[in-house]
Ligand code: HMG
Ligand code: MG
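Residue numbers (the working numbering): 33 to 334.
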């Protein structure tokens, strides 16, 4: 398998990056974050989620955020929707892509969306139908594809099984997610290889959290398996409220530094992303976790 020479980065900071923040982030800051990311050239931004505000209070202002952003033609604004209520809100908000999110682990499915894997797929069926009827894109996320905070190991067969169900629902893109960042490169290679046997590699995304420092290595392993879509979060923001101890997503600045260094095209302006990372980290009152972002910002300041 040859390494792709062009990669799509899905910038997930506005949703996965911010959802776990304890302090409510003002809507205008969320909007400014999305607008700055749009300006930096991302072709896909995960903007918010339409979930229960009791479960994830930080995303309660999803409709206001979507109404206020400045959209750029050519950029897809994706949102999470776990059920028809979420879909209706997402449609009204003008989302371009709806993300359904299930898990390869029964225990995580219960903790995150309060139902079994089979029940989640049944709940997604009407959502998927409605998404297609509305002419929108459908993406399916498979959480805990490389390990689960509750049940530990996750079988590759469980990941492939959810991928197959997502295909049957009509998903345009399927995310293999290392929710708690425990996966290592050879394991990632095996999972990606198994999923690419049933899903076209151009429709698979890698979603890596950096809890154990493995995410860039895991992206490299996925690139070698022909995967050309990666989720990343500016300043390494993120974490899932239902995956205790899991740190942020792989930092966008680090991913861009690596990919551009390998001669892989992303269409994203790294300098602009460095500024955004410093700005949002400052807003949250702490240093961002991007190694490349912090090093390049320090060099600019010198
Ligand atoms: P439930 O309690 O089983 O269901 O939650 P419910 O239907 O009884 O609803 C509970 C309450 O939420 C009700 O309100 C509903 O009306 C309301 P009440 O009657 O108590 O006042 N509700 C909603 N409100 C707004 N929008 C909605 C909605 N649906 C119900 N769409 C449910 C089930 C799925 C709703 C809940 O478990 C939930 O919202 N979970 C969200 C979990 C979540 O967002 N987790 C983080 C994202 S996943 C993630 O981060 C992983 C990922 O990044 C990939 C990776 O890293 O692996 C994607
Ligand atoms: Mg995540």
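Idealized CB from N, CA, C, for every residue including glycine.
Cut-off 6 Å between Cβ atoms - residues of its own chain near residue i, not counting five sequence neighbours on either side
| i | result |
| --- | --- |
| residue 92 | 85 |
| residue 229 | none |
| residue 183 | 137, 139 |
C-alpha gap between residue i and residue j, whole angstroms
| i | j | result |
| --- | --- | --- |
| residue 126 | residue 104 | 13 Å |
| residue 153 | residue 57 | 32 Å |
| residue 256 | residue 112 | 29 Å |
| residue 109 | residue 279 | 24 Å |
| residue 60 | residue 42 | 21 Å |
| residue 265 | residue 285 | 8 Å |
| residue 269 | residue 299 | 21 Å |
| residue 274 | residue 327 | 31 Å |
| residue 50 | residue 90 | 7 Å |
| residue 114 | residue 124 | 15 Å |
| residue 36 | residue 288 | 14 Å |
| residue 309 | residue 325 | 7 Å |
| residue 317 | residue 165 | 43 Å |
| residue 359 | residue 158 | Lying before the first or after the last residue shown, residue 359 is absent from the chain, which here runs from 33 to 334. |
First through last residue of the alpha helix (DSSP H) which encompasses residue i
| i | result |
| --- | --- |
| residue 197 | 188-201 |
| residue 309 | 302-316 |
| residue 287 | 284-293 |
Nearest residue (CA-CA) to residue i, options the options
| i | options | result |
| --- | --- | --- |
| residue 224 | 190, 245, 202 | 190 |
| residue 162 | 147, 120, 149, 176 | 120 |
| residue 178 | 288, 97, 218 | 218 |
| residue 261 | 47, 74, 64 | 74 |
| residue 263 | 34, 39, 293 | 39 |
| residue 65 | 55, 203, 79, 158 | 79 |
| residue 135 | 207, 176, 193 | 176 |
Local conformation of residue i per DSSP, three classes
| i | result |
| --- | --- |
| residue 208 | strand |
| residue 337 | There is simply no residue 337 to check, as the chain begins at 33 and stops at 334 in what is shown. |
| residue 269 | coil |
| residue 101 | coil |
| residue 94 | helix |
| residue 49 | helix |
| residue 133 | strand |
| residue 146 | coil |
| residue 326 | helix |
| residue 118 | helix |
| residue 63 | helix |
Start-to-end residues for the beta strand (DSSP E) that takes in residue i
| i | result |
| --- | --- |
| residue 43 | 40-43 |
| residue 240 | 236-240 |
| residue 231 | Careful: residue 231 lies outside any beta strand (DSSP E) and carries neither H nor E. |
| residue 261 | 261-264 |
Close beta carbons around residue i, own chain, < 7 Å, minus the five adjacent residues each side
| i | result |
| --- | --- |
| residue 63 | 97, 100, 101 |
| residue 231 | 195, 199, 206 |
| residue 83 | 91, 112, 114, 118 |
| residue 306 | 285, 325, 328, 329 |
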